[in-house]
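A.B. asks: Going down the list, the sequences are from chains A and B.
Numbering that gives the first Met the number 0 numbers the first residue of the first sequence as 0 and each following residue consecutively.
Numbering that gives the first Met the number 0 numbers the first residue of the second sequence as 0 and each following residue consecutively.
Glycine residues also receive a C-beta, built at the ideal position from the N, C-alpha and C atoms.
Quick caveat, the model's predicted, so the values are computed rather than measured.
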Amino acid sequence: MTDYTADEMMTVAAARALTDGSVCFVGIGLPSTAANLARRTHAPDLVLVYESGTIGSKPATLPLSIGDGVLADSADSLVSVPEIFNYWLQPGRVDVGFLGAAQLDRFGNINTTVIGDDYRDPKVRLPGAGGAPEIAASCREVFMIVRQSPRAFVERVDFVTSLGFGTGKGDRERLGLKGRGPQLVITDLGVLRPDPDTCELTLTQLHPGVDLATAKAKTGWDLRVSPDLVTTERPTDQELAALRDLTA
Amino acid sequence: MATIAPLAQAVSQVVHDGDTVAFEGFTHLIPFAAGHEVIRQGRRDLTLVRMTPDVIYDQLIGAGCARKLVFSWGGNPGVGSLHRFRDAVQNGWPTPLELEEHSHAGMANRYVAAASGLPFAVLRGYMGTDLPKQTANIAPITCPFTGEVLTAVPALRLDSAVIHAQRADRKGNVQLWGITGVQKEAVLAATRSLVTVEEIVDELEPRPGAVVLPSWVVDYVAEVPNGAHPSYAHDYSTRDNDYYQRWDEISKDRESFRTWLEGVA
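Pasting the structure below:
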């Protein structure tokens, strides 16, 4: 069996979560790598949608940006940016929104705008919202892939760029959002899912070789652990070969 | 009818000090050469508009051309942060930069409203986010037919729009294809427009999925081969990903940026 890194385990776990034949709105970076790995392994008919307006892209190489030529060349349909948001995302046609985040909190709210309490005088200015607020609102469910650290996994985000569960159960419904919100957070240590009663992100899965104390230490809130905690299956040789071929 | 002119002349006619101006392009067809010409001409007090301000906006901001940025995602795509943008926001260097921040869906709809001659656009957006607390022109609106509460954003009228396309003909009709982003909307939202093109041809051959902007909605066309570099023009060039990686180093400190800037001038 081949050795692997924590990042490889994370990407493989994220790829496995995508169902063949479903439609996935893909963010650039880790989500794009995972979605393309899924297409090369168990989900050849996964439909990849990128916000640049490419629908059904089948890139032969991993794109660096969301608008690389390989995404356009291999797409089933190429539409304008207003169209991708208005006709394709907004009505709820997309199954899974797949996002990364600079900061994430215990209720799955996402911050990609500023670090620090003062928006006008931030400690760190981040890139901003992009398509994420409406992806997080409109997709049937949201998966996230984020490396776990106390700086990234915080009690409460400094700025809600994209809504998870707000302050807890019921917030999304009160705002009239149709999508179910973040259902899966895949990290380099394990997997978190929202608690069905409170919507608090709860550790349900640890990757092989990761101990619970580490997962707790790398979380900026008092991490709750599912009583049914399971261990992720290690990456198969086939998954690792496909991933390394993709990122080579 | 569009006027076909050299780049420097076209830029000086279209982009003026104090303009609200968009150099649009969604990763593809970004009008870098025109942006560099704006830096050379020393334009000041621009309100820069773009969904995805990337390296060319980092350069314009670092060169001191801008006083405000209207945007939805400011980064170096696939690489990381924009250091000149950060320096302007966090430290006011070389001048302070006012921000007006939206989501992509909001910006796209603002362009559509302006292109449509409407005062605002309606969307399902921004719900539950902190953006409306910081951005004054995001407002709730109630549907008069269903009572549903939605979000309104105002039309994004531009003084000037600059885009890059693959081709124009000698009359100034413009053709672009591949990822076409919001360029059509930006041109139709603007009082003045400039399109730089890879080549000027006798006749535009039809292309599947191409956007054609008729000559009478374009003010200036300038032939600038490779004018989108380090971005790309589909069927003409590929994205120079190494340049985007290198920009991260060049832009990290003010001195290496200044050296780069002297090279442009």
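Anyone know if the C-beta pair for Val-46/A and Val-22/A falls short of 8 Å?
C.D. replies: It is a contact, given that the beta carbons lie within the stated cut-off.
A.B. asks: List the residues that DSSP assigns as beta-bridge partners of Thr-150/B.
C.D. replies: According to DSSP, Thr-150/B bridges with Leu-122/B and Pro-139/B.
A.B. asks: Check the Cβ-Cβ distances between His-228/B and every residue of chain A, and say whether any is below 8 Å.
C.D. replies: No - not a single Cβ of chain A is within 8 Å of the one on His-228/B.
A.B. asks: Please report the distance separating the alpha-carbon of Thr-112/A from that of His-101/B.
C.D. replies: Spanning the two alpha carbons is a distance of roughly 11 Å.
A.B. asks: At the level of alpha carbons, what is the spacing between Asn-85/A and Asn-136/B?
C.D. replies: For Asn-85/A and Asn-136/B, the distance between alpha carbons rounds to 20 Å.
A.B. asks: Between the alpha carbons of Asp-201/B and Glu-222/B, how many angstroms are there, rounded?
C.D. replies: Their Cα atoms are separated by approximately 13 Å.
A.B. asks: DSSP three-state label for Lys-251/B, please.
C.D. replies: Here Lys-251/B sits in coil by DSSP.
A.B. asks: In chain order, what residues of the same chain have a beta carbon less than 8 Å from the beta carbon of Asp-86/B, not counting five sequence neighbours either side?
C.D. replies: Around Asp-86/B: Gly-61, Trp-92 and Arg-253.
A.B. asks: Any idea which residues DSSP pairs Gly-189/A with across the strands?
C.D. replies: In the DSSP output, where bridge partners are listed per residue, Gly-189/A has Leu-205/A.
A.B. asks: Here's a check: name, in chain order, each residue in its chain whose Cβ is nearer than 6 Å to the Cβ of Trp-72/B, leaving out the five neighbours to either side.
C.D. replies: Within the same chain, Trp-72/B has close Cβ partners Thr-51.
A.B. asks: Please work out which residues of its chain come closer than 7 Å, Cβ to Cβ, to Asn-225/B, disregarding the five sequence neighbours upstream and downstream, and give them in chain order.
C.D. replies: Hits under 7 Å: Ser-236.
A.B. asks: Are the C-beta of Glu-254/B and some C-beta of chain A separated by less than 8 Å?
C.D. replies: No - not a single Cβ of chain A is within 8 Å of the one on Glu-254/B.
A.B. asks: Taking 8 Å as the CB-CB cut-off, is Pro-121/A touching chain E?
C.D. replies: Considering every chain present, this structure includes no chain E. Its protein chains are A and B.
A.B. asks: Per DSSP, what kind of secondary structure is Met-9/A in: helix, strand or coil?
C.D. replies: In the structure shown, Met-9/A sits in a helix (DSSP, three-state: H, G or I).
A.B. asks: Please list, in chain order, all residues of the same chain as Ser-159/B whose beta carbon is under 6 Å from its beta carbon, the five residues on each side excluded.
C.D. replies: Val-13, Val-14, Asp-18, Val-20, Ala-189 and Arg-191.
A.B. asks: At 8 Å on the CB atoms, spell out the chain B contacts of Leu-176/A, in chain order.
C.D. replies: Correct list: Met-126 and Gly-127.
A.B. asks: Cβ of Gly-34/B less than 8 Å from any chain A Cβ?
C.D. replies: Not closer than 8 Å to any Cβ of chain A, the Cβ of Gly-34/B fails to qualify, so no.
A.B. asks: Output the distance between the C-alpha atoms of Asp-67/A and Gly-177/B, rounded to the nearest integer angstrom.
C.D. replies: Taking the straight line from one Cα to the other gives about 10 Å.
A.B. asks: Any idea if Asp-210/A is buried or exposed, counting beta-carbon neighbours within 10 angstroms, 16 or more meaning buried?
C.D. replies: By the 10 Å Cβ count, Asp-210/A comes out exposed.
A.B. asks: Below 8 Å on C-beta distance, what does Leu-205/A contact in chain B?
C.D. replies: Within chain B, no residue comes near Leu-205/A; the closest Cβ sits about 30 Å away, beyond 8 Å.
A.B. asks: Should Glu-248/B be flagged as near chain A, meaning a C-beta pair shorter than 8 Å?
C.D. replies: Taking Cβ atoms only, chain A never reaches closer than 8 Å to Glu-248/B, which makes this a no.
A.B. asks: Can you give me, in chain order, the residues of the stretch 82–100 of chain B that have a beta carbon less than 8 Å from any beta carbon in chain A?
C.D. replies: Against chain A - using a Cβ distance shorter than 8 Å - the residues of the stretch 82–100 of chain B are Phe-84, Arg-85, Val-88, Gln-89 and Glu-100.
A.B. asks: Out of Asp-16/B, Leu-155/B and Ile-38/B, which one is the CA nearest neighbour of Ala-264/B?
C.D. replies: If we check each option's Cα against that of Ala-264/B, Ile-38/B comes out closest.
A.B. asks: Using the Cβ count rule (16 or more neighbours within 10 Å means buried), how would you classify Pro-43/A?
C.D. replies: Exposed: under 16 other Cβ atoms inside 10 Å.
A.B. asks: Would you give the residue range spanned by the alpha helix (DSSP H) that Ile-199/B belongs to?
C.D. replies: Taken as a continuous stretch (DSSP letters only), Ile-199/B belongs to no alpha helix (DSSP H), being part of the beta strand (DSSP E) at 189–200.
A.B. asks: What are the boundary residues of the alpha helix (DSSP H) that includes His-163/B?
C.D. replies: Careful: His-163/B lies outside any alpha helix (DSSP H), inside the beta strand (DSSP E) at 157–168.
A.B. asks: I need the boundaries of the beta strand (DSSP E) containing Met-143/A, first residue and last residue.
C.D. replies: Start and end: 140–144.
A.B. asks: Skipping 5 residues on each side, what residues in its chain have a beta carbon closer than 6 Å to that of Ala-151/B?
C.D. replies: Correct list, in chain order: Phe-119, Val-121, Ala-138 and Ile-140.
A.B. asks: Could you please tell me which residues of the stretch 73–94 of chain A, in chain order, have their CB closer than 8 Å to any CB of chain B?
C.D. replies: Listed in sequence order: Leu-77, Ser-79, Val-80, Pro-81, Phe-84, Asn-85, Leu-88 and Gln-89.
A.B. asks: Which same chain residues end up closer than 8 Å to Ala-101/A when comparing Cβ atoms and leaving out the 5 residues on each side of it in sequence?
C.D. replies: Asn-110, Thr-111, Ile-114, Leu-125 and Ala-151, listed in sequence order.
A.B. asks: Output yes if chain A places a C-beta closer than 8 Å to the C-beta of Ile-178/B; else output no.
C.D. replies: At least one chain A Cβ lies under 8 Å of Ile-178/B.
A.B. asks: Look at the alpha carbon of Arg-166/B and the alpha carbon of Arg-257/B, and state the distance between them as a whole number of angstroms.
C.D. replies: Whole-angstrom Cα-Cα distance: 34 Å.
A.B. asks: Output, in sequence order along the chain, the residues in the stretch 143–171 of chain A whose CB is closer than 8 Å to any CB in chain B.
C.D. replies: Per Cβ criterion, the list reads Phe-158, Val-159, Thr-160, Ser-161, Leu-162, Gly-165, Asp-170 and Arg-171.
A.B. asks: Note down, in chain order, every chain A residue with its Cβ under 8 Å from the Cβ of Ala-104/B.
C.D. replies: Result: Phe-84, Asn-85, Leu-88, Gln-89, Gly-130, Pro-132 and Glu-133.
A.B. asks: For Gly-91/A, collect the residues of the same chain with a Cβ closer than 8 Å to its Cβ; drop the 5 residues on either side in sequence, then sort them by chain order.
C.D. replies: Here the set comprises Ser-137, Cys-138, Arg-139, Lys-177 and Gly-178.
A.B. asks: Counting only the same chain and skipping the five closest in sequence on each side, list residues whose C-beta sits under 7 Å from that of Thr-179/B.
C.D. replies: Closer than 7 Å at Cβ, skipping near neighbours: Val-210.
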